[in-house]
Structure formats: structure tokens, C-alpha cells
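To start, the structure itself, in C-alpha cells.
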Amino acid sequence: MTTIKINAITVPAGSGDELAHRFAARAGAVDGADGFEGFELLRPTDDREQWLVITRWRDEESFQGWVSSPGFAEGHRSAVERAGGEAPRPVSTHSEVWNYEVAGGSTPTKD
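89 is the number that UniProt numbering gives to position 89 of the sequence shown; each next residue is one higher, with no gaps.
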């Protein structure tokens, strides 16, 4: 059953572009992980400061396999760190992971 992980990241006003830039710099890092089904970074369009990172996984075991992999650790290092420099300051002030599974829905048909 598809498992959905939502990382709700609190990003102060004015820091969102940097968060988006950091995610773009590591785009595709998880694509080859066993059981990975998709990724989206959602920017708030209202006054909220929470950005959402949504990933879909074949099952919980696939997600846990990714989290415990060397690829996970490497994917969460900045380009500066990978080049031997110091880690940049965090953009966020808080983060929490929410866990869901699909309980229903629909897919529109194409004409």
C-alpha cells in the first residue's frame, strides 16, 4: 500500500526562495531509491510559513530503506559540504514528518 510522508517545514518569510533553491540543487537524489513513487515541494500561497515536502513510497519498508541508506545522508548534505566546506545555516525553524496512507480518491479520465 502506498505510504505518503509529508515533511512540514516552517520557513520564515523571505527564506522560501532559498529553500526552493536547495531542493532544486538536489533534485533527483531520491529518484532511484527502491519503492520511491514521487516527490513534490509545495510553496504556501497564503500567509502560512509551512512548506510541504510530499513523497510517495510503495510501502513503509521502502521509505525506511531510503532513510537508512547512504544516499539519504548524502542527499541531505549541501553542495558546499560535499565539496569539503561548512554546512550552510538552516533555512527552516522547525520541521515535522507526518505519515499517511491512501484511503480513497479519484483520477480524472482523459478525453
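Every residue, glycine too, gets a C-beta built ideally from N, C-alpha and C.
C-beta contact flag for residue i and residue j at 9 Å
i   : j   : result
G35 : G71 : no
T45 : K5  : no
G43 : A27 : A quick correction: the sequence has Arg, not Gly, at residue 43. The answer is no: Cβ separation not under 9 Å.
A25 : S69 : no
V30 : S92 : no
V53 : F23 : yes
Straight-line Cα distance separating residue j from residue i
i           : j   : result
P90         : A8  : 15 Å
R48         : G16 : 11 Å
residue 118 : A73 : Nothing can be reported for residue 118: it is not among the residues displayed for the chain, which extend from 1 to 111.
Cβ-Cβ separation, residue j to residue i (assumed contact under 8 Å), whole Å
i    : j   : result
E40  : W57 : That belief does not hold up - the Cβ atoms of E40 and W57 are roughly 13 Å apart, past 8 Å.
E101 : T3  : 6 Å
Outcome for residue i when other beta-carbon atoms lying within 10 angstroms are tallied against a minimum of 16
i    : result
T109 : exposed
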